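In the numbering used here, the protein residues as written are 86 to 389.
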């Protein structure tokens, strides 16, 4: 590059860190204060989970925790590699636990929306694209972005092969294959507030609270599905306190989100809610005190 173009050159940045092999990774952790009970097992875990991903779960054991901007990467005395891995396992098992509950909520939500709205507009089996019922912006977006994808679904495809004049399959078929995000957008796009209120009332919520809880559930569902960290997550939008009983300190964290899930599940089945609570208690019952303390500190006293 000629010198006359130097003023447009990219700024000089520090040298990028180089990859470390397993032995170097374990050596670095040891130098920073991590104790290995079983190096052979630790090597297996590092190859399985990955050094970088495991670092998200090592953070609560660092001396500088929770200061994320000035991390020293030095660990509290006595921190074991097993405790770091235990926190990773806790987070993984928590995602699986919540996914089971969220699947139950999603199925119920889809069923209730389909039943209530379809029976209210019984003369319009494809009410989800009816501009007299739905917001026009939703209908336009749905046609281009959602239904074009659903056409690849075998059930929807068979419907159109059989009913060649139908532009859309009826609601009880179409909604069955919509994502939780699609359902949330669909609910918000219903024009008649009384219809929306009827659905929200099924879950003991006002309109605004119901939308807030749906958004919370959608975010958690996406995080669980994509393997994101849950134990220290932060919600951008605060959770509404009533009726799920969310404390002010928990409006943006995993404990608050868990309580929304627990509340919504309880509106469907008290037995399922009790089962969820018992499973969480079992999950929190770690034999290693340092792991339990880390979970409690990072999850804002995540207990029942």
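Note that CB positions come from ideal geometry on N, CA and C, so glycine has one too.
Owing to the predicted nature of the structure, the values given are computational and were not obtained by experimental measurement.
- Beyond the five residues adjoining it in sequence on each side, residue 281 comes within less than 6 Å, by CB distance, of 275, 292 in the same chain, given in chain order.
- When Cβ pairs closer than 8 Å are counted between the two stretches, the stretch 193-201 is seen to touch the stretch 262-272, the count reaching three or more.
- It is roughly 13 Å from the alpha-carbon of residue 207 to the alpha-carbon of residue 198.
- Scanning 295, 216, 277 for the CA closest to the CA of residue 285 turns up 295.
- In the DSSP annotation of this structure, residue 230 is not part of any alpha helix (DSSP H), being labelled neither H nor E.
- DSSP, reduced to helix, strand and coil, places residue 134 within a helical segment of the structure shown.
- By the criterion of a C-beta distance shorter than 8 Å, residue 189 is surrounded in its chain by 350, 353, 354, 357, once the five residues flanking it on both sides are discounted.
- Between residue 342 and residue 305, the C-beta spacing is below 8 Å.
- Counting C-beta atoms within 10 angstroms of its own C-beta, residue 334 has fewer than 16 neighbours from the protein chains shown and is therefore classed as exposed.
- With respect to residue 134, residue 173 sits close: the two C-beta atoms are nearer than 8 Å.
- Rounded to whole angstroms, the separation of the alpha carbons of residue 301 and residue 223 is 21 Å.
- The count of Cβ pairs closer than 8 Å, one atom from the stretch 161-180 and one from the stretch 248-256, stays below three, leaving the stretches out of contact.
- Cβ neighbours of residue 203 within its own chain (closer than 6 Å, five residues either side excluded): 256.
- Taking 8 Å as the cut-off, the Cβ atoms of residue 150 and residue 119 do not count as close.
- With respect to the 8 Å criterion, residue 241 and residue 258 are classified as neighbours on the basis of their beta carbons.
- When C-alpha distances from residue 169 are compared across 324, 201, 131, the shortest belongs to 131.
- DSSP places residue 157 in the coil class of the three-state scheme, outside both helix and strand.
- The beta-carbon distance between residue 158 and residue 117, rounded to whole angstroms, is 5 Å. This is short enough to meet the 8 Å contact definition.
- Listed in chain order, the non-local C-beta contacts of residue 144 below 7 Å within the same chain comprise 150, local neighbours out to five positions each way being set aside.
- When the Cα atoms are used, residue 181 and residue 235 turn out to be separated by approximately 27 Å.
- Residue environment for residue 147: buried (at least 16 other C-beta atoms within 10 angstroms of its C-beta).
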